[in-house]
Each structure stands twice: as C-alpha cells, then as structure tokens.
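Engineer: Here the protein sequences line up with chains A and B, keeping their order.
When you line the first sequence up against the numbering used here, it's residues 18 to 305, in that order.
When you line the second sequence up against the numbering used here, it's residues 301 to 557, in that order.
Where a beta carbon is used, it is the ideal one built from N, C-alpha and C, also for glycine.
Here it is, the structure in full.
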Amino acid sequence: MNKSGGSKSSRQLGWFWSLPGLIFLGVFAAFPVISMLLMSVLTAGRFGGVTTPFTLDNFVRATDQTFLKVILTSILIAAATAILSLLIGFPTALFISRLTRKWQIILIIAIILPYWTNFLVRTYAWLVLLNNEGIINKFLRNIGLISQPIEMLYTPFAVIIGMTYLYLPLMILPIYAALEKVDKNLVEASLDLGSSAWKSLRTVSIPLAMPGILIGLIFVFVPSMGNFVVPELLGGGKTVMIGNLVRDQFLKARDWPFGATFALVLTIILIILISIQSRVSRKVNINA
Amino acid sequence: MPKKINLSTIVAIFALIFLYLPITAVVGLSFNTSSNSLIWKGFGFDWYKNIWSNEAIVQGFQRTLFVAIVTTILSLVIGTTISIGLNKMKAGGFLRTFSTAPAIVPDLVLAIGLLTTFSMFSFNLSLLTVIIAHTAFCTAFVVAVVLARIGLIDPSIEEASTDLGASATKTLFKITIPQLMPSLTAGAVLSFTLSMDEFVIAFFTNGPETPTLPMVIYSMIRFGVTPEINVLGTLLLLVSFVGVIFAQRIGKVADSI
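Here it is in structure tokens:
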C-alpha cells in the first residue's frame, strides 16, 4: 500500500464518516454550552433572552453576600458528600479488590445495580426513610431509644446523605479499578519486609490508587454541586445550592445572563478539578 | 493484618446495607394496601392494579420509552460513524475530547445551554427537543465506548476485504460492524438506560404538554410520599435490574466470540 497516498485518502474518508456527527455535536452540544456561558457578559432582555451591552455586572452581582453564601454552601455540601463517599468507598473498594475474581464481579454488579435505577426513585427512597413518620424514626421509637421523632428530613444532613447515596458507586468504581491494577506482589513485599498493614496501605496502596481516588472525588463532587433536585426534595428548599440558583434564574426570574454566570462558575470549578486530577495521575504514572 | 481486613469488611458490609436499605424499603412498601404509604395496613397488590389506571403515569411511560428508543438508534448511528471516522483519520486528542465532552459537562450546564439555544431559534419544546438533547448526550457515551475498541481492530482485515473486491458497504456490514458488536451493544444499553432515567436535561428541554415519566414522578414526589411511587419505583427497579443483568450476559457472550 502506498503509505502517503493511503493516509491522505483515509483522512478524507475519516472526515466523510465523522463530519455529519461532529456537526450534530457542534450544533447541539458545543454551541449551546459555549453560547450560554458567554451570556454571562451580556444584559438580560426585558422578556427573557439577552441583549447587549456587554457588561461585567453579573459577576459583580454574584459577589453579593447572598450569592456567595450559596456558592459556599454548595462547595461545603458537595465536599462533605465527596469526603463521606470516600470514607465509605475506599475501604469498600479495597475489600472488593482483595476478593477472588468471581466475587469481585458479583460485588461490583451489586454496587452498580442501584446506580442504574431511576435517580428520582433513589432520592424518593430517602423521603421514606428519613420522614418523621418514616422507617428510621419508627424503628428508633419502637425500640424505645427516642420518644420524639428526630428531625432528619429537610436538613443539610439529609441532602448530604441523599447525594452520597446517589453517587457512592461513582466513588467505588474508579478506586476499585485503580486498586485492582496495583500489583499484589508490591503489597505482599512491603508486608514481608516488615511494614505494618496500615503502613503498607499508606505507602503502597493509597498512592497507587490516587488517580482512582481523584477521579472518584470529581465524579461525586461535580454532580453534587450542580444538583438541584436533592436540595429541593430532601433539603426542603431550605438548603439552596448553585443548581437551584441556576434553575431559578432560567425558569423563574428569566435572568439568563445571571444564571449563566453561575453555570460558568460550575464549569470553571470542573475544569480546575480535572486539570489537577490529570496532573496528579501523570505524576503517579511517571513514578510507577 | 486481620485487624485491617476487619475494618474494610465492616465498611463494605455497611456500604451494601446503605445501598440496598432504601430500595428495599420502597419495594416493601409497594405491597402495602394502605392509602397512606407510611402506615402498614396489610400485604397486597392493590396499588399494582391501580397504577395502570393512572393515565399520567402510563402516558409518561410511553413517551419515555419512545424517546429512549429513538435516542438509542440515533446516538448509536451518530456515535459509531464519528468513531469510525476518527479512527480512520487517526484523529488526535481535540476531536476525541470534543466528541466525548457532552458526557463530562455537568448535565445542568448542557441542559440550560440547549434550552437557551432552542429558544433563541424559536424551536418549540416538545419530545423532539428532548430526543435531540438526549442524542447529543448519549452520542458522547457511544463514542467513548466504541472508540475504546475500534483502535484494537486490525485494519488489514478491512483492507483484505476491499482488496478481494467487497464493496465499501459490504465491508462495513460484514467486517467492521461484527467486530464492533460488543461495544455497539454496550453503547446501545448505555444510551437506552441513560435516556430512560435522565431527568435534568429532559426537565429543561421538554415542553409542558408532553411530560415524560421522570417529570411525572418529579411532580408526584414534590407532594410527598404516595403509594403509587412505591409501586412505580419497584417496577423501575425491576426493569433496571433485568437490564443490567441482561447487559452483563450479552457482554460475556460477546467477549467469548
């Protein structure tokens, strides 16, 4: 085969195959996202939509205390969710990675199954559990531990639990994938050489699983930040997060530029996290 | 050493209970005959019978199914053609990232982006706009799955087929597609389940006259705990469980071929 001629015609053939699809994604994914984010420097139209002049007003408005508080609340709740997921997810992934192949597959499927069920139903399930008349309160009352129901629903606690529930599998899977690749001999060698179990975990398993841990943290943190359903249903609207703010600006206040400003904040946080993650995992790969 | 294993074992067991307790509660309450879903009256299938007469739920389900089927077909075709093309031209990182980005962008950002674009060009929101939005979203997943495999396929088999006189179409259907089958199946299952369950994008891109099932569920949940949701939740769980196990089986069979 003629190499240079072949590569030129295969380039053309490649564009022939992919161009229609790429145009579709350009029109219905790239353009919508980019144009919407750019609206953050425009002025709101009187009946929705956007007009000129260009302005940085929206960013100034966003630094108002009310809105800074929303951003801070979102970061705190999403961070709490990510850390709680890590505390549950890492030991679980570690446990699974040490099982036999057959049991690994069974448990991984068991972890994924809830994730593939409807996200609203999974959120609703916590309404059933955390309700004042719900199963947990009834159980505690029946065994005589409490006389008055504990108010769990419509608190930040409920929001964090609900989100941890939604995204825990996204923490376990990448950590498991990273741990599974760790050479078991390395762990054994470090134990044979007299490391304590904890030290071998700290010096061998955790550093090697770091790329997976970071991916897990991003996979949990990012959707938690943008989630507006859980704060509404389990937080009872008392916990306002960026997602709620964005939705209300677009659907209720119809102030697109201001809503776009917060969507931009969300996107920038995502980009920063991904670039940290890729830098760290590159470092780990070089060291390994 | 046993001490450490104990800790991770305990957490793992806790994680499984944490993941399954809420689901079990919903399934259990779905067999409650009481009209107050939190007060247990007796075991029965009353609400399973009642649910079929709830028009909003039945119609919502039909719409969701329609959207998911059309989305699966479209995203499979678009995602596969993009993957074949990118592989042929040995495309670099930019085009790959471009094609998989809709899966990484926060769903809320993609959703309002589409909402503003549709309304800028005075597109009426309907099931059509949901299908377009879901297709953009699911195509990214199909590309991710198909691209991962297509690079592993030996191009000399396709070349041999062409050299022996097979038409381009014949080579596509007899050589390329059969070799991609496992990832095409995975992409289809992924698109279908993603579209069936997807709420945020559908919420922003759907019109008010054609609520899909997640929208119906959302408006029901906002009024609190109802017996119908317990039944609906159980049925949806069943569908997902069967789907995941089915996909797992297909994956195994496909891998063994």
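Hey, does Thr397 of chain B have any beta-carbon neighbour from chain A nearer than 8 Å?
Structural biologist: No - not a single Cβ of chain A is within 8 Å of the one on Thr397 of chain B.
Engineer: Can you tell me whether Thr69 of chain A is buried or exposed, with buried defined as 16 or more other CB within 10 angstroms of its CB?
Structural biologist: It is exposed - the Cβ of Thr69 of chain A has fewer than 16 other Cβ atoms within 10 Å.
Engineer: Since Phe245 of chain A and Asn75 of chain A are thought to touch, with beta carbons under 8 Å apart, how far apart are those beta carbons, to the nearest angstrom?
Structural biologist: Going by Cβ atoms, the distance from Phe245 of chain A to Asn75 of chain A rounds to 20 Å, so no, they are not a contact pair.
Engineer: For Ile122 of chain A and Arg115 of chain A, what's the separation of their Cα atoms in angstroms?
Structural biologist: Their Cα atoms are separated by approximately 12 Å.
Engineer: Ser540 of chain B: which of B:Thr493, B:Leu415 and B:Thr510 sits nearest, CA to CA?
Structural biologist: It is B:Thr493 whose Cα lies nearest to the Cα of Ser540 of chain B.
Engineer: Determine the direct distance from the alpha carbon of Ile153 of chain A to that of Gln164 of chain A, and round the result to whole angstroms.
Structural biologist: In the sequence as presented, Gln is not what sits at residue 164 of chain A; that position holds Ser. Cα-Cα distance, rounded: 13 Å.
Engineer: Name the one or two DSSP bridge partners that Thr364 of chain B has.
Structural biologist: Thr364 of chain B pairs with nothing; no bridge assigned.
Engineer: Of all the residues that make up the stretch 384-409 of chain B, which are near chain A by a beta-carbon distance shorter than 9 Å?
Structural biologist: Per Cβ criterion, the list reads Ile384, Gly385, Leu386, Asn387, Lys388, Met389, Lys390, Ala391, Leu395, Phe398, Ser399, Ala401, Pro402, Ile404, Val405, Pro406, Asp407, Leu408 and Val409.
Engineer: Is there a C-beta anywhere in chain B that falls below 8 Å from the one on Gly31 of chain A?
Structural biologist: Output row for Gly31 of chain A: interface = yes.
Engineer: Take every Cβ of the stretch 248-255 of chain A, pair it with every Cβ of the stretch 166-184 of chain A, and state whether three or more of those distances are shorter than 8 Å.
Structural biologist: Flag = yes, the stretch 248-255 of chain A and the stretch 166-184 of chain A touch.
Engineer: For Asn154 of chain A, which three-state DSSP category applies?
Structural biologist: Asn154 of chain A falls in the helix class under three-state DSSP.
Engineer: Could you compute how far the alpha carbon of Arg78 of chain A sits from the alpha carbon of Ser292 of chain A?
Structural biologist: Cα to Cα, Arg78 of chain A sits roughly 28 Å from Ser292 of chain A.
Engineer: Under 8 Å, do Val516 of chain B and Ile357 of chain B count as touching if we go by C-beta distance?
Structural biologist: Yes, these two residues count as a Cβ contact at 8 Å.
Engineer: Can you confirm whether Met301 of chain B, when its beta carbon is compared against all beta carbons of chain A, has any partner nearer than 8 Å?
Structural biologist: Because Met301 of chain B carries a pLDDT of 43, less than 50, the predicted location of this residue cannot be relied on, and no value is offered for it.
Engineer: Could you list the residues in the stretch 109-127 of chain A with a C-beta less than 9 Å from some C-beta on chain B, going in chain order?
Structural biologist: Listed by position along the chain: Thr109, Ala110, Leu111, Phe112, Ile113, Arg115, Ile122, Leu124, Ile126 and Ala127.
Engineer: Is the beta carbon of Val326 of chain B less than 8 Å from the beta carbon of Thr512 of chain B?
Structural biologist: Their beta carbons are not under 8 Å apart, which means Val326 of chain B does not touch Thr512 of chain B by this criterion.
Engineer: Please classify Thr220 of chain A: is it buried, with 16 or more other beta-carbons within 10 angstroms of its beta-carbon, or exposed?
Structural biologist: Answer is exposed; the Cβ neighbour count stays below 16.
Engineer: Name, in chain order, the residues that DSSP records as bridge partners for Thr220 of chain A.
Structural biologist: Its beta-bridge partners do not exist; DSSP assigns none.
Engineer: Kindly indicate which residue of B:Pro478, B:Trp340, B:Thr324 and B:Asn387 has the alpha-carbon position closest to the one of Leu130 of chain A.
Structural biologist: Among B:Pro478, B:Trp340, B:Thr324 and B:Asn387, the Cα nearest to that of Leu130 of chain A is on B:Thr324.
Engineer: Taking 6 Å as the limit between beta carbons, can you name the residues of its chain near Ile384 of chain B, skipping five residues before and five after?
Structural biologist: For Ile384 of chain B, where only same-chain residues beyond five positions count, there are no Cβ hits under 6 Å.
Engineer: Where Thr256 of chain A and Val442 of chain B are concerned, what is the direct C-alpha to C-alpha distance, given to the nearest angstrom?
Structural biologist: About 36 Å.
Engineer: Determine which residues of the stretch 33-60 of chain A have a Cβ less than 9 Å from any Cβ of chain B, and write them out in chain order.
Structural biologist: For the stretch 33-60 of chain A, which is checked against every Cβ of chain B, the residues closer than 9 Å are Phe33, Trp34, Ser35, Leu36, Pro37, Gly38, Leu39, Phe41, Leu42, Gly43, Val44, Phe45, Ala46, Ala47, Phe48, Pro49, Val50, Ile51, Ser52, Met53, Leu54 and Met56.
Engineer: Closer than 7 Å by beta-carbon distance: list the chain A residues that pair up with Val497 of chain B, in chain order.
Structural biologist: Note that residue 497 of chain B is Asp in the sequence shown here, rather than Val. Simply Asn135 and Phe136.
Engineer: Measuring only the C-alpha atoms, how far is Ile40 of chain A from Gln359 of chain B?
Structural biologist: Their Cα atoms are separated by approximately 33 Å.
Engineer: What residues are listed by DSSP as bridge partners for Phe343 of chain B?
Structural biologist: Note: Phe343 of chain B sits in a beta bridge opposite B:Asn332.
Engineer: Between the alpha carbons of Phe343 of chain B and Ser241 of chain A, how many angstroms are there, rounded?
Structural biologist: Each residue's alpha carbon lies about 37 Å from the other.
Engineer: Exposed or buried, which one is Asp407 of chain B when buried takes at least 16 other CB atoms within 10 Å?
Structural biologist: Buried.
Engineer: Just reading off the alpha helix (DSSP H) that Leu185 of chain A is part of, what are its end residues?
Structural biologist: Taken as a continuous stretch (DSSP letters only), the alpha helix (DSSP H) holding Leu185 of chain A covers Pro173 to Lys198.
Engineer: Using the three-state DSSP reduction, which class does Thr60 of chain A fall into: helix, strand or coil?
Structural biologist: In this structure, Thr60 of chain A counts as strand in the three-state DSSP scheme.
Engineer: Mind pulling the chain B residues with CB within less than 7 Å of Arg28 of chain A?
Structural biologist: Result: Met389.
Engineer: What's the gap between the Cα of Pro322 of chain B and the Cα of Asp346 of chain B?
Structural biologist: Using only the alpha carbons, I get a separation of about 22 Å.
Engineer: With 8 Å as the threshold, decide whether the Cβ of Val544 of chain B is near any Cβ in chain A.
Structural biologist: Yes, because at least one Cβ of chain A sits closer than 8 Å to the Cβ of Val544 of chain B.
Engineer: Across which residues does DSSP place Thr68 of chain A in a beta bridge pair?
Structural biologist: Per DSSP, A:Thr60.
Engineer: By how many angstroms is the C-alpha of Ser57 of chain A removed from the C-alpha of Ala547 of chain B?
Structural biologist: Rounded to the nearest angstrom, the two C-alpha atoms are 42 Å apart.
Engineer: Between the alpha carbons of Gly392 of chain B and Val446 of chain B, how many angstroms are there, rounded?
Structural biologist: Going from the Cα of Gly392 of chain B to the Cα of Val446 of chain B covers about 16 Å.
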